[in-house]
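First the structure, in the form of structure tokens, and then the observations on it.
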Amino acid sequence: MAPGKHSKVDGRKSTNNYCSTVTLVAFVALCLVGVWMMTSSSVVPLQSLGTTQNNKNEVRTVITKSYDTEDSNDENSSNDDGTSTPDNSNSKQFEDNPGDLPEDATKGDSSSQQDKSNPVNNSKEDTEIHQEEKVTNSEDASTTKTANENEKGDAESKPEDGELKDEETRGDGDRNNSGGQENHEEGKEEKEVKQDREDKVDAPSIETLPAGAQSELLSETSVQNGSFSTQATESKNEKEGHKSPEPEKNNGYHWKLCNVTAGERHCPENPPTCLVPLPEGYQRPIEWPTSREKIWYHNVPHTKLAELKGHQNWVKVTGEFLTFPGGGTQFKHGALHYIDFIQEIVPEIGWGKRSRVILDVGCGVASFGGFLFDRDVLTMSLAPKDEHEAQVQFALERGIPALSAVMGTQRLPFPGRVFDIVHCARCRVPWHIEGGKLLLELNRLLRPGGFFVWSATPIYQKLPEDVGIWEAMTKLTKSMCWEVKGVGKDKINKVGVAVYQKPMSNECYEGRSQNEPPLCKESDDPNAAWKVPLQACMHEVPVAAPVRGSRWPEQWPSRVEKSPYWLLSSQVGVYGKAAPEDFTADFEHWKRVVTKSYMNGLGINWSTVRNVMDMRAIYGGFAAALKDKNIWVMNVVSVDSPDTLPIIYERGLFGIYHDWCESFSTYPRSYDLLHADHLFSKIKNKCNMTALVAEVDRILRPEGNLIVRDTVETINEVENMLRSMNWEVRLTYSKDKEGLLCVQKSMWRPVEVETIPYAVG
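Sequential numbering from 491 applies to the sequence shown in the numbering used here.
Following this line, the structure appears as structure tokens:
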């Protein structure tokens, strides 16, 4: 019996030893497999992007690293960590990636915005680690309204030049689940992971930012080295600039609501940092072109104009809408008839061909400019005094370009000789007083050979006051050498119109018996417009062939694409090339960016976009790339940037000078989309960037979009500030220290109130 019992015990011991040996071997094998995977594979799985709800991201983000071109000559050169580096030596200058980015190059906020913190989860130290993300919710990603349905590229096709090779991604899944587990997929090769990802979600078509070392369009030359002076330099008589406050150093942002009972449009030199409240009952604006006919009653909280002017066919209250019959005091039977009547008087006007950029002074609710869109004409509607409360705000809510700027003591913020036509219909501006100072300002703005169209009671009524004004205007315009091209009375609208033309030579000026109004001194720059006092004088007409204004621009639309005749190859452009090449390269760049990225890759519903501002325009390339859309763009040229605004006007677009350390002269909720290309990084060391962000919030409509292109450091700072206002981040993307950010403004308003003394009345 003993041997049998002993035998059973020995068998148990033998079995245990065998299991221990197998377990040890298996453990060692797994360790070897793990080591092999870490050293031989170029793929390290990312952390989980969170719950199903968080995967409803409309777009996601990527932060990439550039390769040293000297180390990229071999197709698979070795890195310090033993991994291989794909060849990146064929990257093109100026090029935005013409193909689709991989899915891990995009990102956006989750549908829930409860967590507004901004941590960045890094599973390893900042070393060169290849990472790719596996999409876990293809159904949500493919059905969101902003993930546009782009054509899927062949999974086996060769990446386009500039396509991402070395990537890190972060999304709000990382923000909300900072301790998420790593999603390891053992034994899966890089191609299999990539193929699996491409089979699940179509990548948005979006350009990659050019590499910093190769991007001539992102590396501007200094102003001193270029051929364009700045508006600040040109405006030698402007008042001494205010002392800017110290740059914002507080990383915590606490917003308050402006207690504004009056004067929402006040434009102090030191702008407020509080947020303007929304009108009670505010709704998403009606889309163009329906908005030209009606707007929501509660969106513009100033309805006295409708009460005062309803009988004049300007604007009427109709239920929950404010409606615009399309006429006005001067064209009760329709603006289009009035527009055609003007061309009947002077066929040379050529709406939409010869005449493209118009200034409408005393615009009312801007029906004239609103209907000139039907003739392919771009009109800057200007209210020299907004005496009936928010006429300009009515115009902007309708989707019509409009601006409020006082005429009286200073020049308007436009360069000289840029408008093809200046129009005034019953604008009640006393052009003839003070030596014709106000009319002489229009003469500065009017292009040689351009027209002044005046439609007012002195032309067709015989009251003593009207007769006196007509006689004074006749004397003044003759002394200014303006030629009367036609005077007519519209039998249908029963209004009169007089059309004058500015001379294209100096012969008339030289032949005058009296030098009145006097010619301006040669040292007086007609382009100096930033806080320059008005002067009752006329500038000579340029006649030398290479000088701007010596001949009429190309007809529209060809003028938008051609480099102006007065841009010379001897001039150095903003980006360091010869000026005509600089112009062309800028235009091609923005066409690619808008087509490959903005239209498809940012999650923007462009059907809701009408009013756009390019907050830091250079040549107007961004606006030119949008010319075929139902969109108008206000191009803003900073006063301390190269003065390229004349180029923008020459190509049939328009804009204005501005200093972003001050408030912009417009009403709240004016624009559907703001575009800021390297604006914030230039502002933050100059003045209070928190105030600029508050200003962006003021002029952007709720659910409107902001696109920022800037340095990564600045992008992160702006993103943090906007998140603190509950804005939705649609996309962040960076490469080579340059970044792209797209955010959507929310309806959120703070509760705590801050009183602004100058705006309370």
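All residues carry an ideal CB built from backbone N, CA and C; glycine is no exception. Note that this is a predicted model, so its numbers are computed, not measured.
Could you compute how far the alpha carbon of residue i sits from the alpha carbon of residue j?
i: Gly860; j: Pro891; result: 8 Å
i: Val1102; j: Ile1189; result: 11 Å
i: Ala1069; j: Asn1120; result: 30 Å
i: Ala856; j: Tyr1157; result: 15 Å
i: Cys1010; j: Val908; result: 18 Å
i: Asn587; j: Lys1235; result: Annotation note: pLDDT 37 at Asn587 (below 50); position unreliable, no value reported.
i: Ala1019; j: Glu1030; result: 17 Å
i: Ser1053; j: Ser1059; result: 11 Å
i: Thr813; j: Lys981; result: 26 Å
i: Asp910; j: Arg846; result: 7 Å
i: Thr559; j: Lys1227; result: At Thr559, the pLDDT of 36 sits below 50, so the modelled position is not reliable; the number obtained from the coordinates is stated separately. Going from the Cα of Thr559 to the Cα of Lys1227 covers about 16 Å.
i: Cys1177; j: Phe942; result: 40 Å
i: Leu747; j: Cys764; result: 5 Å
i: Met870; j: Leu849; result: 5 Å
i: Leu1057; j: Gln1045; result: 17 Å
i: Glu1242; j: Leu768; result: 14 Å
i: Leu935; j: Trp745; result: 41 Å
i: Lys443; j: Val805; result: The chain is shown only over 491 to 1251; residue 443 falls outside these bounds and no answer can be derived.
i: Ala1184; j: Thr1245; result: 15 Å
i: Thr947; j: Ala988; result: 11 Å
i: Gln773; j: Met1237; result: 10 Å
i: Met1089; j: His1079; result: 14 Å
i: Glu672; j: Leu522; result: Caution is warranted here: a pLDDT of 42 is assigned to Glu672, below 50, making its placement in the model unreliable, and the coordinate value is therefore given only provisionally. For Glu672 and Leu522, the distance between alpha carbons rounds to 20 Å.
i: Arg1239; j: Ser725; result: 39 Å
i: Val1084; j: Thr1074; result: 16 Å
Taking Cβ to Cβ, would you say residue i is nearer than 8 Å to residue j?
i: Gly986; j: Tyr950; result: yes
i: Lys927; j: Ala1026; result: yes
i: Asp1104; j: His1165; result: yes
i: Trp960; j: Lys992; result: no
i: Phe1253; j: Trp786; result: A question about residue 1253 goes unanswered here, because the residues of the chain that appear run from 491 up to 1251.
i: Met1124; j: Ile1146; result: yes
i: Gly842; j: Asp866; result: yes
i: Ala1115; j: Lys1081; result: yes
i: Tyr1109; j: Asp1130; result: no
i: Gln883; j: Val790; result: yes
i: Leu1163; j: Gly1194; result: yes
i: Pro1032; j: Ser1040; result: yes
Just tell me which of the options has its CA closest to the CA of residue i.
i: Gly958; options: Trp921, Leu932, Met970, Met994; result: Trp921
i: Leu1169; options: Ser725, Gln1045, Lys1081, Gly1229; result: Gly1229
i: Thr899; options: Leu1058, Lys1021, Lys979, Glu1207; result: Lys1021
i: Lys1225; options: Val1062, Glu1244, Trp1238, Ile1205; result: Ile1205
i: Met970; options: Asn983, Pro775, Gly925, Thr808; result: Gly925
i: Cys1232; options: Pro1240, Trp1238, Tyr1223; result: Tyr1223
i: Val1037; options: Cys998, Arg937, Thr1245, Asn1195; result: Arg937
i: Leu868; options: Ala895, His913, Gly854; result: His913
i: Cys917; options: Gly906, Ala873, Arg1213, Pro1016; result: Ala873
i: Asp1167; options: Ile1246, Glu1185, Leu1196, Ala1181; result: Leu1196
i: Trp1122; options: Trp944, Val1099, Asp1072; result: Val1099
i: Pro761; options: Tyr772, Gln773, Leu1182; result: Leu1182
i: Val1062; options: Ala516, Asn1017, Leu514, Ser717; result: Ser717
i: Ser1160; options: Leu1135, Arg1191, Pro1132, Met963; result: Arg1191
i: Asn933; options: Ser719, Leu902, Asp956, Val518; result: Leu902
i: Val836; options: Tyr990, Met1089, Glu1218, Asn996; result: Tyr990
i: Thr723; options: Asp1015, Trp1238, Met1215, Arg1239; result: Asp1015
i: Ser858; options: Leu826, Ala1107, Pro775, Phe831; result: Note on residue identity: the sequence assigns Phe, not Ser, to residue 858. Comparing Cα-Cα distances from Phe858 to each of Leu826, Ala1107, Pro775, Phe831, the minimum goes to Leu826.
i: Gly939; options: Gly809, Val1083, Leu862, Pro1043; result: Pro1043
i: Tyr743; options: Glu1207, Arg1220, Glu1218; result: Glu1207
i: Leu1024; options: Phe904, Ala1035, Ser1097, Ser719; result: Phe904
i: Val1126; options: Pro1132, Gly1111, Arg1106; result: Arg1106
i: Tyr999; options: Gly978, Lys979, Thr967, Lys984; result: Thr967
i: Val1219; options: Asp1187, Arg782, Leu1092; result: Leu1092
i: Cys1151; options: Asn1175, Ser1048, Arg1049; result: Asn1175
i: Glu1051; options: Met1028, Asp1072, Ser894, Leu520; result: Asp1072
For chain B, find out if any of its Cβ atoms is closer than 8 Å to the Cβ of residue i; answer yes or no.
i: Lys979; result: Absence of chain B from the displayed structure is noted, only one protein chain being present.
Going by the DSSP bridge assignment, what does residue i pair with across the sheet?
i: Asn749; result: Thr1245
i: Asp830; result: Asp830 is not bridged to any residue.
i: Glu973; result: Gln991
i: Thr869; result: Ile848
i: Pro1132; result: Thr720
i: Val1033; result: DSSP lists no partner for Val1033.
How about the segment 1187-1205 and the segment 1135-1146: do they share at least three Cβ pairs that are nearer than 8 Å?
no
Stretch-stretch touch, CB-based, cutoff 8 Å, three pairs: the segment 1066-1083 with the segment 882-890
no
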